[in-house]
Every structure is written in C-alpha cells, then in structure tokens.
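Number of protein chains: 2
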Amino acid sequence: MEQIAFSYNEIHDTVADLARRIDASGYSPEVIVAIGTGGFIPARIIKTFLNLPIYTVGISLYLEDHTTLPSPKKIQWIDEVEQKLNGRRILLVDEVDDSRTTLEYCIRELLSNDPAALAVAVLHNKQKEKRGEIPAEVSYYWVGRELPDAWVKYPWDALDIQEHDAAVHSREVAV
Amino acid sequence: MEQIAFSYNEIHDTVADLARRIDASGYSPEVIVAIGTGGFIPARIIKTFLNLPIYTVGISLYLEDHTTLPSPKKIQWIDEVEQKLNGRRILLVDEVDDSRTTLEYCIRELLSNDPAALAVAVLHNKQKEKRGEIPAEVSYYWVGRELPDAWVKYPWDALDIQEHDAAVHSREVAV
Chain A
1 MEQIAFSYNE IHDTVADLAR RIDASGYSPE VIVAIGTGGF IPARIIKTFL NLPIYTVGIS
61 LYLEDHTTLP SPKKIQWIDE VEQKLNGRRI LLVDEVDDSR TTLEYCIREL LSNDPAALAV
121 AVLHNKQKEK RGEIPAEVSY YWVGRELPDA WVKYPWDALD IQEHDAAVHS REVAV
Chain B
1001 MEQIAFSYNE IHDTVADLAR RIDASGYSPE VIVAIGTGGF IPARIIKTFL NLPIYTVGIS
1061 LYLEDHTTLP SPKKIQWIDE VEQKLNGRRI LLVDEVDDSR TTLEYCIREL LSNDPAALAV
1121 AVLHNKQKEK RGEIPAEVSY YWVGRELPDA WVKYPWDALD IQEHDAAVHS REVAV
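Protein chains in written order, with our numbering: chain A, 1 to 175; chain B, 1001 to 1175.
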C-alpha cells in the first residue's frame, strides 16, 4: 500500500488552516473533545488557535494482539465531566477518518450527553468506502486534507524522526 | 526574560532519549498518565516507544483572566478508570517542571489511588526555586533536558510554525 508521511510542521499548518475555517464558520465551539490517542496532538495544536479546554476520550478498536474488537472498547471516558458537555457546543477532534467506525461511535456517545451542538474536525480523511457514517445531527465536518486510501505515517509514530523526515521529503504523491 | 524555543523534532528526540532511559531503568511502567494539556504531546510521543495506554488528567492553575487559583482546579480527572491505576505502575508525564506545584498536586492525587509505583517524566526542568516538591514515594524522576529559568516556547504553542522555527535556529543558549 502507498505510504504518505507528514512532518510535524505540515501537521501544524494543516491544523492552523482547520482552525481558521472553524473560526470563520461561526460555529463557535466551547469545548474540544479529543479522541485518544490519535487526536491528542491535533487537539493540543487546535487549542493554541481556539483557546478552549480539552477533554479526552480513549477508545480502542483493537486488542493487544491487534485483532479487531466487535465494538470499540472505552479506555478512558468522560464521566464526572459529562455534565460539562450537556448544553455545550462540542468540537470533536481526531487524527484520521479511516473506516469511520471510531468516529461514529464517539459521535453517538457524545450526542447521548445532549450537547447544544456537535461538530467534527479531523486532520485527514481517507477517500475510501466507509463502514461508519457521520450522523445527521453533526453541524460541521471539517477535514484538514483529503487523502487517497494510503498508509498515513504520522511524525509522532516515528522511531527515528530524521528517517521519517527523509520519507516526507521523498514523497511523490501530491496531497 | 530569556526565551528558548524548541522545534518539534528536537522535542521528539528528547522524548526518544527519555524513553530509552525509562526503558533502561527497569522501572517497567504499565500505564502513562498525561497531565493536560501540556503533557498530551510528550505522552503521545512516549507511547510510540513504550507502547502503553495513556490516561489523561486535566488541571488548571489559572482562571480565564489568568489569575492564579489558590489550589489547582480539576478540568478532567480519572474517575471510572481510577481502579485501573490501583496496583499499577504509573508513568506520569508532563511538559515542564516549572514551579513544581501542578506536578506535586498530581503526584499526591495519583498516590491516593494506591498505585504499585509512580514515576515521573518531564520534557524539561527549569532550574529555579520550586514551590512544590517531588514526594519521597516517587520511584524515578526523569528530565529530558535541564533548562535555565527561561521562557520556554513550545512548537505546539506557535501561531506561525515557520516564525517559531526561525526563533529555534537563532537560539543562542546552549541547552
């Protein structure tokens, strides 16, 4: 499968652009909810531009042996802070919209807390057949960059960041 | 006050080095607890090397008008997952050890959940007079880099990452 590597600075610029579009939309989110652990870094960067508190939720679709679970497992969930989401305008943030399964699961769980509104921002969306869907209640769905169905290599997953950057620089795909 | 700017790749390398020292210590943490929001990015990078689940806790020392609170306010805390910390070996991760107040507060709260052991890793420690202390129960305290008492500029706080990198390259202090 084709690989696409992104540098930290490219990710930062993508988030800055996302933040500008969120700002220009007039949606005015009040809280960020980051899906862990992929959403932690994008959400932390978005905070720089939107200056909102971040809540995190941890979700796993896989067991330690990498087999897929029948339904996502909650690693950490919002519980005592659930009432803080009630009546608030949420911005849900994740790294990549792949099969859309995790995203739909998190959206439906958050909607059950009766937020005033829910919008979604992802760094990347893979253009592929999706197994989940974005529920109609979602006010906005922002994508930093549309990507082909490739293996996306994020800088935070790099064991050697210099080697990773070499892969970024030799990238052939225009994205 | 002197400013010291770090690039994302420098932070990544510092975390890689921290992870190697944590690994070599034999401490063998079982879970990472990230102090939000500063600890989100270092913790997510550490996960790449140590492959552990991340729990997050949100703490604020400040009100929205930037006045300091008499005691830290919990933004999001570990509640239904508290039992997951009980009897586990925790690695607590934060961005910078500044006055040490937040760090001590989080350590004492986590210790009250009876973990098997608690160790701390911070990207940076500012060499200055501290208002908090590292409790004696802490097994290890790892610092990525010791810094003077300066204004540390993290890449994730940059409104313009190219300008930020220019500040990194013009850095005069050896750190």
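Yeah, the Cβ is synthetic: ideal placement off N, Cα and C, and Gly gets one too. Computed from a predicted model, the values in this text were never measured in an experiment.
With 16 other Cβ atoms within 10 Å as the buried cut-off, status of residue i
i	result
Glu-1104/B	buried
Gly-1039/B	buried
Gly-1087/B	exposed
His-169/A	exposed
Asp-97/A	buried
Glu-1095/B	buried
Of the residues the options, the one placed nearest residue i, counting alpha carbons only
i	options	result
Pro-1135/B	Pro-1148/B, Leu-1110/B, Asp-1149/B	Leu-1110/B
Trp-142/A	Ile-46/A, Ile-4/A, Gly-58/A	Ile-46/A
Phe-1006/B	Leu-1123/B, Asp-1094/B, Val-1138/B	Leu-1123/B
Lys-1126/B	Val-1138/B, Pro-1115/B, Arg-1100/B, Ala-1158/B	Arg-1100/B
Ala-1034/B	Ile-1022/B, Ile-1107/B, Arg-1108/B, Ile-1054/B	Ile-1054/B
Asp-13/A	Val-1168/B, Ala-1158/B, Ser-1170/B, Arg-1171/B	Ala-1158/B
His-164/A	Gly-1036/B, Asn-1009/B, Lys-1130/B	Asn-1009/B
Ala-1019/B	Met-1001/B, Asn-1051/B, Thr-1056/B	Asn-1051/B
Leu-118/A	Val-138/A, Ala-167/A, Arg-145/A, Val-57/A	Val-138/A
Lys-128/A	Cys-106/A, Trp-151/A, Ala-43/A, Tyr-140/A	Trp-151/A
Val-93/A	Gly-58/A, Asp-114/A, Gln-3/A, Ala-116/A	Gly-58/A
Asn-113/A	Arg-89/A, Asp-17/A, Glu-146/A	Arg-89/A
Val-1015/B	Gly-1036/B, Arg-1145/B, Thr-1056/B	Arg-1145/B
Cys-106/A	Ala-116/A, Glu-133/A, Lys-84/A	Glu-133/A
Ile-22/A	Pro-155/A, Ala-121/A, Arg-171/A, Asp-149/A	Ala-121/A
Ile-1176/B	Pro-1042/B, Phe-1049/B, Gln-1003/B, Leu-1085/B	Because chain B in this structure spans residues 1001 to 1175, residue 1176/B falls outside the shown range and cannot be described.
Neighbour flag for residue i against chain A, beta carbons, 8 Å
i	result
Asp-1157/B	yes
Arg-958/B	The question about residue 958/B has no answer here: the residues shown for chain B are numbered 1001 through 1175.
Phe-1040/B	yes
Beta carbon proximity, residue i to chain B, threshold 8 Å
i	result
Ile-22/A	no
Asn-9/A	yes
Ile-35/A	no
Thr-101/A	no
Ile-90/A	no
Asp-13/A	yes
Ile-204/A	Missing from the structure shown is residue 204/A; chain A here goes from 1 to 175 and no further.
Ile-54/A	yes
Gly-87/A	no
Gly-58/A	yes
Lys-47/A	yes
Practice item. Would you check if there are 3 or more beta carbon pairs closer than 8 Å linking the segment 12 to 30 of chain A to the segment 1025 to 1032 of chain B? Key: no
Point to revise | Entirely enclosed beta strand (DSSP E) segments - the segment 1086 to 1119 of chain B, minimum 3 residues | key: 1089 to 1097
**Study point:** Those runs of the alpha helix (DSSP H) which lie wholly inside the segment 1001 to 1046 of chain B and span at least 4 residues
**Key:** 1008 to 1025
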